[in-house]
Structure formats: structure tokens, C-alpha cells
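S.K.: Residue numbers (our numbering): 11 to 346.
Glycine included, every Cβ here is placed at the ideal spot set by N, Cα and C.
If you're wondering where the values come from, they're calculated on a predicted model, not measured in any experiment.
Just passing along the structure, written as C-alpha cells.
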């Protein structure tokens with residue numbers, strides 16, 4: 011059954027990004043996002059033992075990126091997390107990852123007083139691109155200006171400032187009110203590819219089913235975008251993650267690349283290097299999108315040595331990709 015928000019979006023003239031010049035103002039259809047709600051008396055303690063970031067840092071004005079790992083320390087899903095005025099934790103992730111999150115988290119409940127629910131159809135999610143702070147200020151008391159900060163509305167809706175080369179906010183809230191806000195804002199209504207392209211440019215990874223259990227969080231630069239904590243205590247996979255941070259040497263990390271290759275490679279697509287020491291691949295694509303010029307921009311987790319040698323390609327014996335650090339760089343790679 012189609013949710014109220016999904017039905018509303020079918021009435022909008024959502025434009026394929028490739029048909030436009032890259033918009034400076036846009037409303038972005040993010041109905042592909044889902045929401046897991048975790049509540050109950052034991053929810054803070056329970057969830058703190060399952061995710062990579064410190065939930066004690068969530069407040070009425072601050073959200074965070076986060077992940078859930080396997081016992082081997084590799085991310086099974088990553089997501090944005092926030093706490094509502096009713097002390098529910100919301101985990102916002104691709105709908106393709108929601109069932110996995112539900113199954114994995116419920117495995118650890120045992121006798122804890124915790125409820126874990128798929129609330130995807132109870133919330134509307136959409137992106138706001140460009141300098142629309144003045145318009146948002148008509149609906150929210152404050153408009154967050156710093157990355158990951160949020161503002162709540164009395165009706166249970168939220169806007170979250172998201173990193174990007176243009177101002178970006180993520181709306182997560184009441185479907186009926188979302189329609190009002192969507193209609194009031196300026197800019198073209200565009201598809202989710204626009205949002206993904208700006209995630210790539212901001213160096214923000216998304217884990218999809220194709221990339222589950224491939225990357226330790228540090229490989230995807232989660233420590234560089236405030237997506238994990240090394241001081242919070244134990245959680246699933248923490249021992250492996252901590253060992254890599256304090257005792258090991260990171261051999262792979264996530265880079266940005268730009269190529270004329272079309273169509274864009276899919277998440278998890280292998281990368282090749284002639285002198286790679288890996289058995290299967292020198293790296294994997296995290297995400298790739300075409301831009302308005304018809305070229306491809308991507309994030310990929312790659313062997314550091316191969317990336318620095320400039321020998322990594324999308325195809326065996328193909329043209330090498332020119333990798334560079336994401337916009338935030340690698341200078342702060344060690345945790346404080």
C-alpha cells in the first residue's frame with residue numbers, strides 16, 4: 011500500500027537531474043529513505059551497545075552519522091541517527107537496508123525493554139538544496155547552520171543540516187506537514203540522484219546491500235565525518251575497529267574520483283590494479299553518479315598503495331582513475 015507521502019510525490023513533476031543544469035535550488039525526492047524507530051526504557055543502553063557512534067551526543071539540536079557493524083567490524087549498514095522530543099531514536103537509512111537493520115537489532119534485544127519498529131511510512135523524507143534558510147525560517151524557530159545540527163518542530167518534524175558544496179538540509183517529519191513545506195520551498199523538484207551526487211562530493215558514504223560487510227568504518231572515512239566514536243565503550247565489532255585504529259595500519263581508504271566512463275559503476279563494483287596484493291580486487295565502488303555534464307563522479311574504497319601509484323581502473327587494463335582526497339581531506343585521520 012502506498013504511503014501518503016509517496017502518493018503526494020507521484021503528483022509532483024519530478025525531473026531527471028540529467029535533463030537539467032545542476033540546480034542551485036531544489037527539492038529532492040528522498041522517498042527511498044526509510045526510518046527505524048527504537049524506543050523503550052532500555053533503548054539508550056541497548057542501542058549504545060550496537061552502533062559505532064556515541065548516542066549520548068544526540069540532543070534536541072544535534073544529529074549524527076552512525077553505523078552498525080558485524081562481529082568482524084565491517085559495516086552492515088550506516089545511517090543518520092537522531093533523538094526525538096519523545097526520546098525515540100530514529101535511524102534513517104535506504105529502505106533497502108531497513109529489513110536488515112530490524113533483523114540485526116532484534117537479535118540482541120533478549121529481555122531488554124526495547125521496541126524496534128519500521129516507521130518508514132509514518133515519516134516523510136526529502137532533501138532541500140541551496141540557500142533556502144529564509145524560507146525554512148518561516149516554519150522552524152531556528153534553521154541549523156552547522157553540519158549535523160538539527161531543529162525540531164512541535165509537530166514532530168525535523169530539519170538537519172547536511173554537509174555539501176551547496177547548503178543542504180534533510181527533512182524528516184510528519185507527511186501532511188511535509189507537503190506544505192515542499193510546496194512552499196523554491197527550486198526544481200528533482201530525483202534522489204541529485205542528493206547522491208552531492209553526498210559523493212561531500213565524501214559521505216552510503217552502505218547498500220551490495221556493499222554490506224565490505225568495509226571497516228575507517229575504510230569509508232567514517233572517523234573523518236564524525237560517524238564513529240573511539241571513547242564510547244563496547245559495541246558489536248568494536249574490538250576489531252579499535253584494533254585497526256590503535257594497533258593496525260589502514261591499508262584501504264575512501265577516495266573521490268571523476269571519470270568520463272558511462273554508465274556509472276554500481277555500488278560494490280570491483281576496481282583493478284596490476285600490482286594489487288588483494289586476492290580479488292584492489293578496491294570497490296561505494297557509490298557513483300552521473301553529473302549534469304554526463305560524466306561520472308564516484309567514491310571508492312581503494313588500496314592506498316595502488317591509489318598513490320595511480321594504477322587503479324574500473325576495468326582490467328583500463329584507463330587509470332585519478333583519485334583524490336574527499337573534500338575534508340585525510341589530515342585528521344587519527345582519532346583524538
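Could you tell me whether any Cβ in chain C is nearer than 9 angstroms to the Cβ of residue 93?
M.R.: Included in the structure is just one protein chain, with no chain C present.
S.K.: Determine the closest residue to residue 151 out of 142, 162, 158, with distance taken between C-alpha atoms.
M.R.: 162 is the residue among 142, 162, 158 whose C-alpha sits nearest the C-alpha of residue 151.
S.K.: Under the DSSP definition of a beta bridge, which residues are partnered with residue 9?
M.R.: Summary: the structure shown does not reach residue 9, with the chain confined to residues 11 through 346, and so no result is reported for it.
S.K.: If I'm right that residue 91 touches residue 99 with Cβ under 8 angstroms, what's the distance once you round it to whole angstroms?
M.R.: Residue 91 to residue 99, Cβ: 6 angstroms. Contact.
S.K.: For the structure I just gave you, are there three or more beta carbon pairs, one from the segment 21 to 39 and one from the segment 189 to 204, closer than 8 angstroms?
M.R.: yes
S.K.: Kindly indicate which residue of 237, 181, 165 has the alpha-carbon position closest to the one of residue 134.
M.R.: 181
S.K.: Excluding the five sequence neighbours on either side, which residues of its own chain have a C-beta within less than 6 angstroms of the C-beta of residue 343, listed in chain order?
M.R.: Interpretation of residue 343 is limited by its pLDDT of 45, a score under 50 that renders its predicted location unreliable; no figure is taken from the coordinates.
S.K.: Which term fits residue 144, buried or exposed, when burial requires 16 or more other beta carbons within 10 angstroms of its beta carbon?
M.R.: exposed
S.K.: First and last residue of the alpha helix (DSSP H) that includes residue 146?
M.R.: 143 to 146
S.K.: What residues in its chain sit with their C-beta under 8 angstroms from that of residue 246, if we drop five residues either side in the sequence?
M.R.: 59, 60, 78, 79, 80, 81, 118
S.K.: Closer than 8 angstroms is the cut-off here; do at least three beta carbon pairs connect the segment 321 to 328 with the segment 280 to 298?
M.R.: yes
S.K.: Among all the DSSP beta bridges, which residues are the ones paired with residue 6?
M.R.: With the chain covering only 11 through 346, there is no way to say anything about residue 6.
S.K.: Relative to the ligand SAH, is the shortest distance from any of its heavy atoms to the C-beta of residue 120 smaller than 8 angstroms?
M.R.: Within the structure as shown, the ligand SAH is missing, as the structure has no ligands at all.
S.K.: Tell me which residue opens and which closes the beta strand (DSSP E) that residue 104 is part of.
M.R.: 99 to 104
S.K.: Could you check if residue 320 is buried or exposed, using at least 16 other CB atoms within 10 Å of its CB as the buried criterion?
M.R.: exposed
S.K.: Any idea what DSSP makes of residue 273, helix, strand or coil?
M.R.: coil
S.K.: Could you tell me how far apart the beta carbons of residue 122 and residue 52 are, in whole angstroms, since I believe they sit closer than 8 angstroms?
M.R.: 4 angstroms
S.K.: Tell me whether residue 313 is buried or exposed, calling it buried when 16 or more other Cβ atoms sit within 10 Å of its Cβ.
M.R.: buried
S.K.: Measure the alpha-carbon distance for residue 128 versus residue 273 and round it to whole angstroms.
M.R.: 33 angstroms
S.K.: By how many angstroms is the C-alpha of residue 168 removed from the C-alpha of residue 46?
M.R.: Note on geometry: alpha-carbon atoms of residue 46 and residue 168 lie some 15 angstroms from one another.
S.K.: Since residue 310 and residue 27 should fall inside the 8 angstroms C-beta cutoff, what is the C-beta to C-beta distance between them, to a whole number of angstroms?
M.R.: Contact flag wrong, Cβ pair sits at about 21 angstroms.
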